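Quick notes on the structure that follows.
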Amino acid sequence: MEYEGVAVDVEFLKRYSTVLNDELQQVREQIFEQAGVSFNMDSPKQLGEILFQKMQIPSEGKKTKTGQYATDEETLQELATSYPVAAAVLRYRTLQKLKSTYVDALPALIHPRTGRVHSSFNQAVTSTGRLSSSNPNLQNIPIRTEEGREVRKAFVPRNSDFVLLSADYSQIELRLMAALSQDAAMLEAFHQHLDIHTATAARVFGVALDAVSSDLRRKAKMVNFGIIYGISAFGLAQRLGIPRGEAKTLIEEYFKQYPGVQSYMQHSIEQARQRGYAETILGSRRYLKDLHSRNFTVRGFAERNAINAPIQGSAADMIKIAMIRIHETLRQSQSQARLIFQVHDELLLDVPRHEIESVRILVKEAMEQAMPLPVPIVAETGIGNNWLEAH
DNA sequence: TCTCTCACG
DNA sequence: ACGTACGTGAGAGAC
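First residue of the first sequence: 4, per the working numbering; consecutive thereafter.
So, in structure tokens, the structure goes:
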């Protein structure tokens, strides 16, 4: 993947940079007008002083650990409805991040001889067994906002005879939780090919599947994610913006519905404490000395690591097996298709148009059959003339 | 080099 | 009383 690299549409990025620049200029002027002074908005220190001293916006005492005013997204979001300047700063941040980190940075990283971007995929960085990507990081290219997604259009096939194939695992970590915990209800939901968040909402809130509202699904989704991270009522309450007592009730009901998950989580911590490490399906270890700490916070971190590491790490094991088999099969068949990068649960390949259907099937099968598990594993594929289209 | 912020799974 | 959701990398400012 490092050697192959990925082609980037520089002209597209240059045009988009100009678009972003124009809007940034407008937002900058709005903010300076409301503040009555111009300053460096990229400096959190200056920004905090302007908002909370000069403009007298009530800060509610929120400070960073070094005593500066907090100006992070959560803080500004709370102020945004009452103070238009806060909304404008958020808008500025979104656009500035996009421009500086992605749109303007990528063209500079194109290799002069290959005309492609060759990221590093680091194999010994993370504590869970995932890869990481650097120079540039191709694993954090925007997708969540409309403007951000645009950047993905700049990732293109090597030439017009090729297309991009994207293949991503569906809910891989929750499927692994079902498999590792052997929880009957969670296994059943996946065997029935239900939407897991909807199925969880139906169980936890005691309603029919077709009576699950988007809000109930959203809450169930947060709990499902929380489970993978080693849930706490505090963390869940903060995410959902609900009182801690409510979050606690929600978690209790979750464990009633998925009792196997609860016992698996307890078992994970207990086993890691006895052995000194947590391990993945393939046996790679995360050592967790802090499980014996007398400090509540330190121990809590280690306990959540003991729950999360086998899940996140086994997902990493699985996609690595798939990658090795895909590479081998492509090599043996003298295919011109190439794996070009991995984003934790997604693979991207550059594929000759005439090979597309055979490669699509090969990749999907390799991903879904990487390991024998008591739960169906599903990989979805897409094809396009850029990464956004393919995804 | 550290801090703050924010992009992703 | 304690006080956090798991895993990363990068840009910009401050020092």
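Every residue gets a Cβ at the ideal spot worked out from N, C-alpha and C, and that includes glycine.
Because the structure is a prediction, the values reported are computed rather than measured.
- List the endpoints of the continuous beta strand (DSSP E) containing Tyr172. Phe165 to Tyr172 is the span of the beta strand (DSSP E), which, as asked, contains Tyr172.
- Message: Assuming Ile231 and Leu177 are in contact, meaning their beta carbons sit under 8 Å apart, how far apart are those beta carbons, in whole angstroms?
- Response: Distance from Ile231 to Leu177 at the Cβ level is roughly 7 Å; contact confirmed, criterion being Cβ atoms closer than 8 Å.
- Message: Determine whether the beta carbon atoms of Leu342 and His330 lie at a separation below 8 Å.
- Response: yes
- Cβ neighbours of Ala236 in the same chain (closer than 7 Å, five flanking residues each side left out): Excluding positions up to five away in sequence, the list reads Arg247, Ala250, Lys251 and Ile254.
- Message: Does Ala309 pass the burial test, meaning 16 or more other C-beta atoms within 10 Å, or should it be called exposed?
- Response: buried
- Message: Can you tell me whether Tyr6 is helix, strand or coil according to DSSP?
- Response: coil
- Query: With a CB to CB cut of under 7 Å and the five nearest residues on each side skipped, what residues in its chain are close to Gly238?
  - Reply: Gly229
- Using beta-carbon positions only, say whether Phe124 and Met4 come within less than 8 Å of one another. yes
- Query: If we count the other Cβ atoms within 10 Å of its Cβ and call it buried at 16 or more, is Ala108 buried or exposed?
  - Reply: exposed
- Short check: CB of Arg276 to CB of Glu282, under 8 Å? no
- Query: Is there contact between the region 364-372 and the region 313-331, where contact requires at least three CB pairs shorter than 8 Å?
  - Reply: The way I'd put it, the region 364-372 does touch the region 313-331; three or more beta-carbon pairs between them come closer than 8 Å.
- What is the residue span of the beta strand (DSSP E) that Arg288 lies within? Arg288 to Tyr290
- Pull up the distance between the alpha-carbon of Lys292 and that of Val210, whole angstroms please. 43 Å
- Item | Limits of the unbroken beta strand (DSSP E) element including Glu383 | Ala382 to Gly387
- Look at the Cβ atom of Val378, then the Cβ atom of Ala181, and state whether they are nearer than 8 Å. yes
- Query: If you drop the 5 nearest sequence neighbours on each side, which residues of the same chain put their C-beta closer than 7 Å to that of Glu26?
  - Reply: Leu98
- Message: Alpha carbons only, please: which of Ser62, Phe165 and Lys102 is nearest the one belonging to Val9?
- Response: Phe165
- Query: So what's Tyr232 in DSSP terms, helix, strand or just coil?
  - Reply: helix
- Output the distance between the C-alpha atoms of His194 and Tyr280, rounded to the nearest integer angstrom. 31 Å
- Could you check where the beta strand (DSSP E) with Leu177 kicks off and where it finishes? Segment Ile175 to Ser184 is the alpha helix (DSSP H) holding Leu177; no beta strand (DSSP E) there.
- Which residues bound the alpha helix (DSSP H) around Asn298? Judged by DSSP secondary structure, Asn298 falls outside any alpha helix (DSSP H); it is assigned neither H nor E.
- Message: Using a Cβ distance threshold of 8 Å, determine whether the region 11-28 contacts the region 128-138, with at least three qualifying pairs required.
- Response: Contact fails between the region 11-28 and the region 128-138, because fewer than three Cβ pairs, one in each stretch, are under 8 Å apart.
- Cβ neighbour criterion (16 or more within 10 Å) applied to Ile175: Buried, since its Cβ has 16 or more Cβ neighbours within 10 Å.
- Item | Beta-carbon proximity check, Leu168 vs Pro139, cutoff 8 Å | Not in contact: Leu168 and Pro139 (Cβ atoms no closer than 8 Å).
- Residues near Leu352 in its chain [Cβ-Cβ closer than 6 Å; skip 5 each side]: If you ignore the 5 residues before and after Leu352, its C-beta comes within less than 6 Å of the C-beta of Leu168, Ala340 and Leu342, all in its own chain and listed in chain order.
- Message: Let me check you understand the geometry: is the CB of Glu7 closer than 7 Å to at least one non-hydrogen atom of the ligand PLP?
- Response: Looking at this structure, you won't find the ligand PLP or any other ligand, since it has none at all.
- Query: Sorted by chain position, which residues of the same chain lie with C-beta nearer than 8 Å to Val11's C-beta, five sequence neighbours on each side aside?
  - Reply: Leu109, Pro110, Ile113, Arg119, Val120, Ala157, Phe158 and Val159
- What separation, rounded to the nearest whole angstrom, lies between the Cα atoms of Val264 and Leu285? 21 Å
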